[in-house]
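Only one structure is covered here, and it is reproduced in the block below.
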Amino acid sequence: MDTDLAGHRSRWKDVRMPPRKRRSFTTEYKVEAAHRVIDSGRTIAEVARELGLNESLLGEWVKLERRRIAAAESHGEKPLDAAEHAELLRLRRQVSELEKDNAFLVKASAYFAAMQKNRPGSI
């Protein structure tokens, strides 16, 4: 038997749980989950159980979404509903991807133009 730092005996020397892979969630998912609580009047615990989430994590998402809604209302704007907000985020991501694609194509065309110029017999 082994002993730990406090001098306690342990039979479970090398028995360890494998580390759990950290899950990541999209912003759309977080907003949708928060609105399941906000729009339905259900408790955070109920929705967290339904989605397989930790209550404190979902509670944080709900708090952030309520702040976002309050900030929009304080500026006299109508806050986006969950679907509109998710669509806005999706479109922003798509624009970002298209900008990256465009930058790549500009560089590629410059590269191939330079290659064409350096070929023997090219004009």
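Quick note: the sequence shown uses our numbering, first residue 1396, plus one each step.
For glycine and all other residues, C-beta sits at the position ideal for the given N, C-alpha and C.
N-terminal and C-terminal residue of the alpha helix (DSSP H) that residue i is part of
| i | result |
| --- | --- |
| G1454 | 1450-1469 |
| K1425 | 1422-1435 |
| R1514 | Taken as a continuous stretch (DSSP letters only), R1514 belongs to no alpha helix (DSSP H), as it is neither H nor E. |
Residue i in three-state terms, based on DSSP
| i | result |
| --- | --- |
| R1417 | coil |
| R1411 | coil |
| D1476 | coil |
| R1485 | helix |
Within-8 Å CB hit, residue i to chain B
| i | result |
| --- | --- |
| G1454 | Protein chains in the displayed structure number just one, and chain B is not present. |
Residue i classed as buried or exposed, judged by whether at least 16 other C-beta atoms fall within 10 angstroms
| i | result |
| --- | --- |
| R1411 | exposed |
| V1501 | exposed |
| H1470 | exposed |
| A1428 | buried |
Top-ranked residue by Cα proximity to residue i, from the options
| i | options | result |
| --- | --- | --- |
| R1461 | R1431, D1496, P1413 | R1431 |
| R1426 | N1497, F1499, E1479, E1494 | It should be noted that the sequence gives Val, not Arg, for residue 1426. V1426 has its Cα closest to that of E1479, out of N1497, F1499, E1479, E1494. |
| T1422 | R1444, R1487, V1442, T1438 | R1487 |
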